[in-house]
Amino acid sequence: MTDAASTQVSGGRRKFLVVADDSPEFAAALKYACRRARSTGGHVAMLKVISPAEFEHWSGVREEIERQERAEAETLLQSLAGQVMAETGLPPEFIIKHADSVRAALKAVVGADPTIKILILAASTSGRGPGPLISAIAKEGVGFSGRKLPVTVVPGDLTDADIEALA
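Per the working numbering, the very first residue in the sequence shown carries number 25; after that it's consecutive.
Structure representation (structure tokens):
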């Protein structure tokens, strides 16, 4: 896998993009994306964003940190692939992007791939607002290079049964 490169070509299918992270609500976003992809003949793409290494003194150390972070991202995405396959019948597309922020990564990825048709995010379950990414997108937008892209916000505490009923 290379930055913004996929493991599978989606064959022109409509992509549902989910940001893979360690938030508790990510599971709801992924489940919803899988269910929507299955019901509409779509395809799930998962974006994992890696922040640039902040270690400036020795490039070899910075490169090793980035290599380890990339390996961890690949392991995470691979661990989720089985769930996506079981839910949709298709392998997911993996996108690993080095960027200063998730918003910057989304802007680059969506701007480069016109088959991404919907961004699916889950709202925070903490009760302190919808979450930093949703708040930032609502306030400032993302700017997808002139593209209009629907964003579906899923309540992060939906159960599997709730998602089945909705999607």
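Beta carbons are placed, not taken as given, at the ideal position from N, Cα and C, and that holds for glycine. Owing to the predicted nature of the structure, the values given are computational and were not obtained by experimental measurement.
Self-check item: Extent of the continuous beta strand (DSSP E) to which Ala191 belongs
Solution: From DSSP, Ala191 is part of no beta strand (DSSP E); its letter is neither H nor E.
Exercise. Within its chain, find whatever has a CB closer than 8 Å to the CB of Tyr56; leave out the 5 residues flanking it on each side and keep chain order.
Key: Ile144, Ala146, Thr176, Val178, Leu182, Ile187, Leu190, Ala191
Practice problem: Go ahead and pull the three-state DSSP assignment for Thr99. | Solution: helix
Quiz prompt | Status (buried if at least 16 other CB within 10 Å, exposed otherwise) for Pro138 | solution = exposed
Quiz item: If we ignore side chains and look at the alpha-carbon of each, how far apart do Ala61 and Pro116 end up?
Solution: 10 Å
Quiz prompt | Span of the beta strand (DSSP E) around Leu182 | solution = Segment: none, Leu182 is in no beta strand (DSSP E) and carries neither H nor E.
Quiz item: Per DSSP, Val177 is paired with what?
Solution: Leu145
Practice problem: May I ask you to report which of helix, strand or coil DSSP gives Ala44? | Solution: coil
Quiz item: What did DSSP end up calling Glu49 once you bin it into helix, strand or coil?
Solution: coil
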